[in-house]
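What follows is one structure encoded as structure tokens, with my remarks underneath.
Numbering (the numbering used here), first residue to last: -16 to 65.
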């Protein structure tokens, strides 16, 4: 079953993104999430995996790539640094 908070978030996004009236967005979100639940999809509040510290995911290669990309970013006059 989809948590009520998830239904409210989907309805809010429909209202904002598609300019749908709030009552229609709520109904549409409810129907959509019900159909997805019937097909086996579900939104849960419990995480599927244990969270990993951001530093543990980094590798030396990833840090070098970020440094290289940041050094090549565009300058205000349109040139790139090399």
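Ideal Cβ placement from N, Cα and C applies to all residues, glycine included.
Local Cβ density within 10 Å of residue i, reported as buried at 16 or more and exposed below that
i, result
"residue -15", "buried"
"residue 8", "buried"
Beta-carbon spacing of residue i, residue j below 8 Å
i, j, result
"residue 10", "residue -7", "no"
Separation of residue j from residue i, as counted between CA atoms
i, j, result
"residue 19", "residue 12", "10 Å"
"residue 45", "residue 25", "33 Å"
"residue 14", "residue 52", "44 Å"
"residue -2", "residue -12", "15 Å"
"residue -4", "residue 21", "22 Å"
"residue -10", "residue 49", "37 Å"
"residue 27", "residue 3", "26 Å"
"residue 6", "residue 0", "15 Å"
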